Amino acid sequence: AMHFSSVSPKLLLQLCISTIHSIFASVFSKVRYWTAGGCKGSVSVLPAAAAAAAAADSKLNQSKDRDATTPTSVNYHFTRKCNYKCGFCFHTAKTSFVLPLEEAQRGLKLLKESGMEKINFSGGEPFLHEKGEFLGEMVQFCKQDLQLPSVSIVSNGSMIKEKWFQKYGAYLDILAVSCDSFDEATNQLIGRAQGRKSHLENLYKIRNWCQQYKVAFKINSVINTFNIDEDMSEHIMELNPVRWKVFQCLLIDGENAGQDALREAERFVISDQQFQEFLDRHSNVSCLVPESNEKMRNSYLILDEYMRFLDCREGRKDPSKSILDVGVKEAICFSGFDEKMFLKRGGKYVWSKADMKLEW
């Protein structure tokens, strides 16, 4: 046995500290055991302080769950490559990366499990990769396997073939085709063209296919300096889309503005007043859905080609970590998504073709 009289003061102090440390560790481990529910079925009483801490933790976690954004409607830009060169494009071909199909499907499943009801596939040009087969596989997976209420696509329409509708049309709710002008020369000036092919011929052809294969038809138009004075009412009414989305040309740093951008969209930009004048001119078009810069900037949940949410609040696209690496709940915190603005701009609407009561 050790005689304390023979122990140096320094060693004695170390022994005391070690003993106190052991006592604290023992108490701490018991509290952790209690708060983890280790005493279930026993008569041990949870100390009041530990109980209060556990209750506070529980409330905090419930609050986090309540506050967590639900990815109700997601825009998945799975490719950045495009065969058009629209001068104002704000999602440009900065990479040629596309996820393997199995990984993309894994991510889509994670989104469905987190509350996704609508997926919109976009690009780039989504029909470019594997001639639309990759897109078709994802569309079928989302409708058939995930049972999503709404599956939609935004395309420039130039690559779509009738056989795609024959194979995948049953799984698609909405097809939106981008068209900024009903004057071929204006589309050429904007870059909404490939060679001398007629963009408008494609538009009307796809409208007829949508009718034939029971897919809701939609038109997207970006209003800019080249089409600001155009009256599109007659053509829109003739095409009769379920929705005509009218966007104000938007600058995004690193995409269509700034040093590293692949486009220079400054010359396409219009003022809020000019945009309002265009809207006023088309006020008789009942399917028109306007989207100003303010409404657009943070009211979309955008996933890039790596399945990262893109935060546009600072006028650029700041990516989160991929949902494939950290899950939807963590990644969505960095999306900058404004759910109130999403609802204000009419982001939630009748988006399943089964509920649209359309006359095919």
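Residue numbers (mature numbering (1 follows the signal peptide of the UniProt record, and there is no 0)): -25 to -1, 1 to 335. Every residue, glycine too, gets a C-beta built ideally from N, C-alpha and C. The structure presented is a predicted model; accordingly, all values stated were derived computationally and were not measured.
Less than 8 Å divides the Cβ of Phe53 from the Cβ of Val73.
Listed in chain order, the non-local C-beta contacts of Phe157 below 8 Å within the same chain comprise Leu175, Glu205, Met207 and His210, local neighbours out to five positions each way being set aside. Rounded to the nearest whole angstrom, the CA to CA distance from Val221 to Ala68 is 23 Å. For Gly322 and Lys138, the gap between their C-alpha atoms comes out near 31 Å. Three or more Cβ pairs closer than 8 Å define a contact, and the segment 261 to 277 meets that threshold against the segment 308 to 320.
If you look at Leu110, you'll find it in the alpha helix (DSSP H) that goes Glu108 to Gln115. Cβ atoms of Asp148 and Ala191 come within 8 Å of each other, at about 6 Å. The beta-carbon distance between Leu123 and Cys117, rounded to whole angstroms, is 5 Å. This is short enough to meet the 8 Å contact definition.
In this chain, the beta strand (DSSP E) harbouring Asn50 covers Ser48 to His52. A straight-line Cα-Cα distance of about 8 Å links Leu285 and Gly311. Ile198 and Arg242 have their alpha carbons spaced roughly 12 Å apart. Val221 carries a strand assignment under DSSP once its states are collapsed to helix, strand and coil. With distances taken between CA atoms, Gln223 lies nearest to Phe65 out of Phe140, Asp120 and Phe65. In the DSSP assignment, the residues bridged to Ile149 are Ser127 and Ala191. For Ala160, the closest alpha carbon among the candidates Lys172, Trp326 and Leu150 is that of Lys172. Put simply, the backbone Cα of Asn95 is about 5 Å away from that of Ser127. For Lys319, DSSP records no beta bridge to any residue.
Comparing alpha-carbon positions, the option among Phe201, Thr200, Arg182 and Met91 lying closest to Val217 turns out to be Arg182. Listed in chain order, the non-local C-beta contacts of Lys142 below 8 Å within the same chain comprise Gly111, local neighbours out to five positions each way being set aside. In the three-state scheme derived from DSSP, where H, G and I count as helix and E and B as strand, Ser173 is classed as coil. Ser267 and Leu237 have their alpha carbons spaced roughly 23 Å apart.
Taking C-beta atoms under 8 Å as the contact rule, Ser295 and Phe309 qualify, at a distance of about 4 Å. Counting other Cβ atoms within 10 Å of its Cβ, Val303 reaches 16 or more and is therefore classed as buried. With contacts defined by Cβ atoms closer than 8 Å, Glu100 and Cys57 form a contacting pair. In terms of Cβ geometry, Gly166 and Gly62 form a close pair [threshold 8 Å].
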